[in-house]
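> From first to last, the protein sequence lines are chains S and R. Note that the working numbering numbers the first sequence so that position 15 is 15, with each residue one more than the last. Convert by adding 131 to the 1-based position in the second sequence; the result is the number in the working numbering. Idealized CB from N, CA, C, for every residue including glycine.
There are 2 protein chains.
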Amino acid sequence: MSCELCDSDGGAVIWRDDLCRVVRAAVDGYPGFLRVIANRHVKEMTDLAERERLMRVVFACESALRQLYNPDKVNLASLGNVVPHLHWHVIARFADDAHFPDAIWAAARRTAAPRPPMTDDALARAIMAAL
Amino acid sequence: MSCELCDSDGGAVIWRDDLCRVVRAAVDGYPGFLRVIANRHVKEMTDLAERERLMRVVFACESALRQLYNPDKVNLASLGNVVPHLHWHVIARFADDAHFPDAIWAAARRTAAPRPPMTDDALARAIMAAL
Chain S
1 MSCELCDSDG GAVIWRDDLC RVVRAAVDGY PGFLRVIANR HVKEMTDLAE
51 RERLMRVVFA CESALRQLYN PDKVNLASLG NVVPHLHWHV IARFADDAHF
101 PDAIWAAARR TAAPRPPMTD DALARAIMAA L
Chain R
132 MSCELCDSDG GAVIWRDDLC RVVRAAVDGY PGFLRVIANR HVKEMTDLAE
182 RERLMRVVFA CESALRQLYN PDKVNLASLG NVVPHLHWHV IARFADDAHF
232 PDAIWAAARR TAAPRPPMTD DALARAIMAA L
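1. Anyone know if the C-beta pair for S:L76 and R:A208 falls short of 8 Å?
2. Could you work out which residues of chain S lie near R:S139, taking near to mean beta carbons separated by less than 9 Å?
3. May I ask you to list, following chain order, the residues of the region 86 to 108 of chain S that have a beta carbon less than 7 Å from some beta carbon of chain R?
4. Measure the alpha-carbon distance for S:V36 versus R:E193 and round it to whole angstroms.
5. Spatial neighbours of S:P101 within its chain, please: CB distance less than 6 Å, with the 5 preceding and 5 following residues excluded, ordered by chain position.
6. Cβ closer than 7 Å: which chain R residues qualify as neighbours of S:S63?
7. Could you work out which residues of chain R lie near S:A77, taking near to mean beta carbons separated by less than 9 Å?
8. Counting contacts by CB-CB distance shorter than 8 Å, is S:E52 in contact with chain R?
9. Given a threshold of 16 other Cβ atoms within 10 Å of its Cβ, counted over all protein chains shown, does S:V90 qualify as buried or as exposed?
10. Is the region 149 to 166 of chain R touching the region 46 to 65 of chain S in the sense that three or more CB pairs, one from each, lie closer than 8 Å?
11. Under DSSP, the beta strand (DSSP E) around R:A208 begins and ends at which residues?
12. Taking the CB atoms as reference points, tell me whether R:V205 and R:L196 lie closer together than 8 Å.
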């Protein structure tokens with residue numbers, strides 16, 4: 001069966017190693033939204049022997065977003081109901097974003113306040129510093 | 132400031148240790164929905180020195196739900212926008228649940244197919260076996 005996260009990177013890659021890659025999610029109103037995507041096709045975290053190592057990358061993304069954006073909250077989620085290839089959403093949340101305090105998958109409450117995105121390079125450096 | 136997850140367990144506790152507790156989420160249509168709640172008031176995973184240990188409990192809950200419910204997918208999420216006291220949602224998802232394949236925070240698509248809940252005791256045993 002075809003899988004879009006096997007067939008493509010799933011976004012602009014800003015960091016990668018042999019286990020996973022970090023891509024920037026192109027979601028309007030969410031400049032601080034990263035995805036950590038397993039390179040192998042694995043469905044659940046408990047299918048992945050290297051789950052601690054993958055979480056260290058997720059937490060490095062959280063650290064990078066906190067450092068660069070100073071968000072009101074960070075949201076972490078591994079859902080995969082649509083694309084069952086292990087990936088984490090790491091999202092800087094702000095009280096004036098489109099959905100706060102709801103999850104970003106709920107209906108929008110407002111138009112997001114504009115917030116300039118950091119460069120891929122700044123994000124990559126912050127992730128590497130946190131690893 | 133008052134915090135409901137400092138002031139109460141946040142649900143029926145089915146397992147606990149000095150770091151965290153596992154409670155059963157009382158959400159209609161989701162019999163396989165656990166929450167892993169840090170005992171200390173901590174906001175983000177990167178504020179918690181014991182984050183690997185906490186994730187081992189999250190993954191034990193995932194294993195328990197997979198064993199007992201055989202779900203189509205497991206969803207893991209640490210959001211905390213409403214209650215910024217670190218807690219994880221660990222949710223057994225099924226193609227015929229109310230929101231699939233959307234996140235449970237989206238609008239419902241249908242009435243959930245009935246699915247009997249496992250007992251707290253069966254869940255506790257499966258969590259302990261997975262730890």
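According to the data block:
1. As a working note, residue 76 of chain S is residue 76 in the first sequence. As a working note, residue 208 of chain R is residue 77 in the second sequence. Yes, the pair counts as a contact, with Cβ atoms nearer than the cut-off.
2. As a working mapping, residue 139 of chain R is identified with position 8 in the second sequence. None at all; the shortest Cβ gap to chain S is about 20 Å.
3. R93, F100, P101, D102, A103, W105, A106 and A107
4. Within the first sequence, residue 36 of chain S is the residue found at index 36, counting from 1. Within the second sequence, residue 193 of chain R is the residue found at index 62, counting from 1. Each residue's Cα considered, the two are about 19 Å apart.
5. Position 101 of the first sequence, counted from the first residue, corresponds to residue 101 of chain S. Closer than 6 Å at the Cβ level, and outside the excluded window around S:P101, lies no residue.
6. The residue labelled residue 63 of chain S in the question sits at position 63 within the first sequence. The answer, in chain order, is T177.
7. Position 77 of the first sequence, counted from the start, is the residue given in the question as residue 77 of chain S. Per Cβ cutoff of 9 Å: N206, L207, A208, S209, L210, H220 and A234.
8. Numbered from 1 along the first sequence, position 52 holds the residue referred to as residue 52 of chain S. Chain R, which has a Cβ nearer than 8 Å to the Cβ of S:E52, makes this yes.
9. As a working mapping, residue 90 of chain S is identified with position 90 in the first sequence. Looking at its Cβ environment, which holds 16 or more other Cβ atoms inside 10 Å, S:V90 is buried.
10. no
11. Stepping through the second sequence from its first residue, residue 208 of chain R is reached at position 77. Start and end: K204 to S209.
12. Locating residue 205 of chain R in the second sequence gives position 74, counting from the first residue. Locating residue 196 of chain R in the second sequence gives position 65, counting from the first residue. Taking 8 Å as the Cβ cut-off, R:V205 and R:L196 qualify as a contacting pair.
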